[in-house]
Amino acid sequence: MIVPEDTVSLADYERHFRARAAPGVAGYVTGPAADGLTQRANRAAFDRLRLMPRSLVDMRGASAALSLFGQDMPYPILIAPTAYHRLVHAQGERATVEAARLTRTPMVVSQQASLSLEEVAAPGGACLWFQLYLRPRRDETLALVRRAEAAGYRALVVTVDAPVTGIRNVEQRAGFVLPPHVSAVNMADMIATEPVTGAGSPVFRGMLDHAARWEDIAWLREQTRLPLLLKGILNPDDADEAVGLGVDGILVSNHGGRTLDTLPATIEALPAIARRLRGRVPVLLDGGIRRGTDIVKALALGARAVLVGQPVLHALGVGGMVGVAHMLTILQTELEVAMALTGRPRLADIDETVLFAT
Numbered sequence: 236m237i238v239p240e241d242t243v244s245l246a247d248y249e250r251h252f253r254a255r256a257a258p259g260v261a262g263y264v265t266g267p268a269a270d271g272l273t274q275r276a277n278r279a280a281f282d283r284l285r286l287m288p289r290s291l292v293d294m295r296g297a298s299a300a301l302s303l304f305g306q307d308m309p310y311p312i313l314i315a316p317t318a319y320h321r322l323v324h325a326q327g328e329r330a331t332v333e334a335a336r337l338t339r340t341p342m343v344v345s346q347q348a349s350l351s352l353e354e355v356a357a358p359g360g361a362c363l364w365f366q367l368y369l370r371p372r373r374d375e376t377l378a379l380v381r382r383a384e385a386a387g388y389r390a391l392v393v394t395v396d397a398p399v400t401g402i403r404n405v406e407q408r409a410g411f412v413l414p415p416h417v418s419a420v421n422m423a424d425m426i427a428t429e430p431v432t433g434a435g436s437p438v439f440r441g442m443l444d445h446a447a448r449w450e451d452i453a454w455l456r457e458q459t460r461l462p463l464l465l466k467g468i469l470n471p472d473d474a475d476e477a478v479g480l481g482v483d484g485i486l487v488s489n490h491g492g493r494t495l496d497t498l499p500a501t502i503e504a505l506p507a508i509a510r511r512l513r514g515r516v517p518v519l520l521d522g523g524i525r526r527g528t529d530i531v532k533a534l535a536l537g538a539r540a541v542l543v544g545q546p547v548l549h550a551l552g553v554g555g556m557v558g559v560a561h562m563l564t565i566l567q568t569e570l571e572v573a574m575a576l577t578g579r580p581r582l583a584d585i586d587e588t589v590l591f592a593t
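Note that our numbering has the sequence shown beginning at 236, numbered continuously upward.
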């Protein structure tokens, strides 16, 4: 696959992806929840923020590197967990992890990956975290944790904001169904939740009977020594409770606007969570990151690092491994340019004073 010559930004990758992808696949990958208000808000909130530059700053020895949970990273950028990479490229997660290795970008591998977590980790050389949805049966959850530990994953990211699937009208209108060759292989041998039968609500009476609760997080914390992060936190009260249970990090996320519509943008929710936690644990953010300037804004408001999800699938669908590596390099370069032009030689120098106050 050849990346088109006019692909010089993350928006270009999305444009080419939408033009090339089958309607069902495009509806699944890019489709928001309901009316797409939250998905659009993720971008609009970043666009409303303005940066204030500093001139004639000594930038010698500048670096965007950081250490997170004892892991050295050259940039505060991670690949967010996204399902079914084989939907958009035959090599699937195998191509994505190779791009992650080449660009030294940590990758959070989805529990719903289309290759097993062992296959993704097998080539070695990449920093991998594993994303987890707590299963109704604790023994199944624990089996996934043990597999991730054995395969060398270095953190667990538990998604907590999707006890049920959001209303995704774009995906529904496109008639999306998984093709036969793509499945959530990591859960192939697990027991399906019993189907809901009889009268009554299938959501309240059925699905939520098996949804995770705080006691499940406390239990999981006791089962592993890996750093444990919760993904999908928007409410400072939830962030506070998670830290009280021994969670090591908070990932501010609204699931890319794909669960509950009309939620706040993640960059809007970030400051209150950062203020509440006061540096007790690292706070990360995803949702709407499309430029290096977005990363500066997120760090200024309290994030230690950011994750990108949809752009990875756009780039994978357009250019395979090369596309993903190119997309990540674009984002890394844009971050360095933004740091240089705002006069911030280190990530620690990025604070609220980099934002223009009206």
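Heads up, the beta-carbon is just placed ideally off N, CA and C, and yes, glycines get one too. Remember, it's a predicted structure, so these values are computed and weren't measured experimentally.
Proximity to glutamine 567 across Glu375, Ala279, Arg253, Ala300 peaks at Ala300, based on C-alpha coordinates.
Counting along the chain, the unbroken alpha helix (DSSP H) around leucine 563 starts and ends at 545–577. Spanning the alpha carbons of glycine 544 and serine 290 requires a straight line of approximately 34 Å. Membership of isoleucine 530 in any beta strand (DSSP E) is not indicated; the residue belongs instead to the alpha helix (DSSP H) covering 527–535. Relative to leucine 548, the option among Leu512, Thr331, Asp282 whose CA is nearest is Thr331. Measuring C-alpha to C-alpha distances from isoleucine 502 to each of Arg278, Met236, Phe252 identifies Arg278 as the nearest. DSSP places glutamine 274 in the helix class (H, G or I) of the three-state scheme. Around the CB of glutamate 328, 16 or more other CB atoms lie within 10 Å, so the residue is classed as buried.
With a cut-off of 8 Å on Cβ pairs, the stretch 402–412 is not in contact with the stretch 373–383, counting fewer than three such pairs. If you draw a 10 Å sphere on the C-beta of histidine 416, you find fewer than 16 other C-beta atoms in it, and that means exposed. With at least 16 other beta carbons inside 10 angstroms of its own, phenylalanine 252 counts as buried. Secondary structure within the stretch 258–332: the beta strand (DSSP E) runs of 3 or more consecutive residues, fully enclosed, are 301–303, 306–308, 312–314 (chain order). Cα atoms of glycine 492 and alanine 500: separation of roughly 8 Å, rounded to the nearest angstrom. The criterion of a C-beta distance shorter than 8 Å is not satisfied by proline 341 and methionine 287.
For isoleucine 485, the enclosing beta strand (DSSP E) covers residues 484–487. The straight-line gap separating the alpha-carbon atoms of threonine 459 and aspartate 396 is approximately 22 Å. Within the model, the alpha-carbon separation for arginine 448 versus glutamate 569 is close to 40 Å. For the 8 Å CB-CB criterion, serine 436 and lysine 466 do not form a contact. A distance below 8 Å separates the beta carbons of glycine 578 and valine 292. By the 16-neighbour rule on beta-carbons within 10 angstroms, methionine 294 is exposed. DSSP, read as helix, strand or coil, puts aspartate 521 in strand. Secondary structure within the stretch 344–410: the alpha helix (DSSP H) runs of 4 or more consecutive residues, fully enclosed, are 352–356, 373–385, 404–408 (chain order).
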